[in-house]
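Participant: The following block contains the structure, expressed as C-alpha cells.
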Amino acid sequence: MTDDPLAPIPTAPAVDVGSERLAAALATNDPIEIGRALRHDVVVIPLMRTTDGQTQTLTVAADDPDGERRWELHLFSSSQTLAAWAAGEREAAEFALQRGPGLVPLLDAYAPLLRRVVFDPAGPHPVHASAADVRAALEPQPGDDDVAWITQQPERGLRAGERVVGLDLFLGDDWAQLDLTSSLTIDADAKAIVDAQLTGLPPAPVLRGQLIAWLRQSARTAAGAGGRSMAYLTRRTTDAAAAVAVTVYWQELGPAGADDHMLSLRTRLAAATGSQDELVTASTAGGPLLRHTTRRLGPSELSGRPVGVIDYWLQFPDGRGLCLVSFSTPHVDQLDAVRTLSDAVVLAAAWQLAPSDDEADA
173 MTDDPLAPIP TAPAVDVGSE RLAAALATND PIEIGRALRH DVVVIPLMRT TDGQTQTLTV
233 AADDPDGERR WELHLFSSSQ TLAAWAAGER EAAEFALQRG PGLVPLLDAY APLLRRVVFD
293 PAGPHPVHAS AADVRAALEP QPGDDDVAWI TQQPERGLRA GERVVGLDLF LGDDWAQLDL
353 TSSLTIDADA KAIVDAQLTG LPPAPVLRGQ LIAWLRQSAR TAAGAGGRSM AYLTRRTTDA
413 AAAVAVTVYW QELGPAGADD HMLSLRTRLA AATGSQDELV TASTAGGPLL RHTTRRLGPS
473 ELSGRPVGVI DYWLQFPDGR GLCLVSFSTP HVDQLDAVRT LSDAVVLAAA WQLAPSDDEA
533 DA
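Offset between the sequence shown (1-based) and this note's numbering: plus 172.
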C-alpha cells in the first residue's frame, strides 16, 4: 500500500519509543481514551521497502468473509510491541513515528481496502476497530488541548526550607555522558562514544568522521558556555544509528524584577524568532516551560549543513533562575521524531532539591 513517504527512524525496540498513554488506553480498552491518545500523541507505523528502495506503510492481508482482497493496518503503541509482533516472521526493522491526525489521509485514501485497524496485535493489549471508527476518533473534539496533554503531571514544587540544586533527566543506559569539566578528555571521549555506537555497522568513514567532529565541537561549545552536563544517545539498530545530544545549562539569576525571568526570556526569543522557528509555552508540573525549536547553520565539520536544535527553558520553582535543556541533532529531516523523544525526557525530569543554606546551617 503506497502513501506519502515517511522517514524511518533507527532505534532498538523500547517501550519509551512511542506513546505510553496510548498503551495505557489500550490496556483499559476505553474507546474515548484511545481516541484522545490518538489525537494528541504518536503511533508507531511499520514500514517496508519497495524494490526501488522507497518506503511505504506495511499492511497485512486479511481474511474477508466475502472473498474480497482486503487488508489490515497494524499500528503500535511502541517499537517494543512492534518488535514482538514482527519477531521471527517479518522484517520490521524500520518504522515511523506518526502523529495520530497524520493518519487521516491514509485512512481516507484506503478505507475501502481496509478490513480493520489493529493496535498492538501481538499484545499485551490488542484492540481492533474499523477504519471508519478510527477515522472518526481522529476528529477534533471539544476540550482538545495539545499543550495540556503533554504537560499533565502531578504537581510538585518546593517545600519550606528547600532549594533547587539541579535537574535530573533520568537518562537511561542508552545515553553516554561526556565530561565537560576537562577539555583534555572531550576529544577522546567523543571519538570513543561514536566509535562504540557505530561498531558493527556498515563502514562509513566519512559519516563516522563527521559525527565525531560534530560531537567534539558540540561538547567544546557546551563547555565554553558553562554547560553542566552533556549526554549522547547511543541507541541503535543492527544497521543504523542516530545522532542526538543533550546539554544542561544552569543560570542562577536571583530575584526577578517586575517581569519574571521566563517572561523576559520569551520576549527576547519572540523578537528573534524566524519563519521556521516554533516557540511554545506551557505550565507543567515542574513549573513554567518554554520550548524553542529552530535550525541553525551547522559547523564546518558538517559542511555547513543545518543542525536542528530544541531548547527547553524551565524556571526554577523559587523563580530565582532558569535551567536550559538543549537537544541538538544533524538529522533535521527527523526533527519532529527527535522532538517526540525530547518532550518525553524533559516532561519526566524532576528538580534536584537540597536543604536551603539557612536550614543546612541550623
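We put the CB at the ideal spot given by N, CA and C, even for glycine. On a predicted model such as this, the values are computed, not experimentally measured, just so you know.
Between which two residues does the alpha helix (DSSP H) carrying V518 extend?
Facilitator: Looking up residue 518 in the sequence shown gives position 346. Run containing V518: 507 to 519, per the alpha helix (DSSP H) assignment.
Participant: Does the beta-carbon of D292 have 16 or more other beta-carbons within 10 angstroms, so that it is buried, or is it exposed?
Facilitator: The residue you call residue 292 lines up with position 120 of the sequence shown. D292 is buried by the Cβ-count criterion.
Participant: Quick one, which of V299, E266, M434 has its alpha-carbon nearest T222's?
Facilitator: Residue numbering aside, residue 222 sits at position 50 when the sequence shown is read from its first letter. With distances taken between Cα atoms, T222 lies closest to E266.
Participant: Please work out which residues of its chain come closer than 8 Å, Cβ to Cβ, to A376, disregarding the five sequence neighbours upstream and downstream, and give them in chain order.
Facilitator: Stepping through the sequence shown from its first residue, residue 376 is reached at position 204. Here the set comprises L370.
Participant: Do A368 and T406 count as a contact pair if the criterion is CB distance below 8 Å?
Facilitator: In the sequence shown, the residue the question calls residue 406 occupies position 234. In the sequence shown, the residue the question calls residue 368 occupies position 196. Yes. Within cutoff.
Participant: I482 and R511: beta carbons closer than 8 Å?
Facilitator: Locating residue 482 in the sequence shown gives position 310, counting from the first residue. Locating residue 511 in the sequence shown gives position 339, counting from the first residue. For I482 and R511, yes; Cβs fall inside 8 Å.
Participant: Are A391 and A415 close, meaning C-beta to C-beta below 8 Å?
Facilitator: Mapped onto the sequence shown, residue 391 falls at position 219. Mapped onto the sequence shown, residue 415 falls at position 243. Against a cut-off of 8 Å, the Cβ pair of A415 and A391 comes out as no contact.
Participant: Taking the straight line between their C-alpha atoms, what separation do you get for S514 and M402?
Facilitator: One-based indexing of the sequence shown puts residue 514 at position 342. One-based indexing of the sequence shown puts residue 402 at position 230. Near 14 Å, if we compare the C-alpha coordinates of M402 and S514.
Participant: Exposed or buried, what is S249 when buried is set at 16 or more other beta-carbons lying within 10 Å of its beta-carbon?
Facilitator: Position 77 of the sequence shown, counted from the start, is the residue given in the question as residue 249. The residue is buried, with at least 16 neighbouring Cβ atoms inside 10 Å.
Participant: Does the distance from the C-beta atom of G493 to that of H433 stay below 8 Å?
Facilitator: As a working note, residue 493 is residue 321 in the sequence shown. As a working note, residue 433 is residue 261 in the sequence shown. Cβ atoms of G493 and H433: closer than 8 Å.
Participant: Let me make sure I understand the geometry here. Which of G476, A509, S455 has the alpha-carbon closest to that of A268?
Facilitator: Walking along the sequence shown from the start, residue 268 turns up at place 96. Minimum Cα distance to A268 is reached at A509.
Participant: For A460, which of helix, strand or coil comes out of DSSP?
Facilitator: Translated into the one-based positions of the sequence shown, residue 460 becomes position 288. Reading off the sequence shown, one finds Pro at residue 460, where the question assumed Ala. Three-state result, P460: strand.
Participant: Where do the ends of the beta strand (DSSP E) carrying S401 lie?
Facilitator: On the sequence shown, residue 401 is found 229 positions in, with the first residue counted as 1. First-last of the beta strand (DSSP E) with S401: 401 to 405.
Participant: In chain order, which continuous runs of the alpha helix (DSSP H) of length 4 or greater are located wholly inside the segment 212 to 286?
Facilitator: 251 to 258, 276 to 282
Participant: Would I217 and Q270 qualify as a contact pair, given that the criterion is a beta-carbon distance under 8 Å?
Facilitator: Here residue 217 refers to the residue found at position 45 of the sequence shown. Here residue 270 refers to the residue found at position 98 of the sequence shown. Yes, they are a contact pair.
Participant: If you check the beta carbons only, do L219 and L230 fall under 8 Å apart?
Facilitator: In the sequence shown, residue 219 corresponds to position 47, counting from 1. In the sequence shown, residue 230 corresponds to position 58, counting from 1. Against a cut-off of 8 Å, the Cβ pair of L230 and L219 comes out as a contact.
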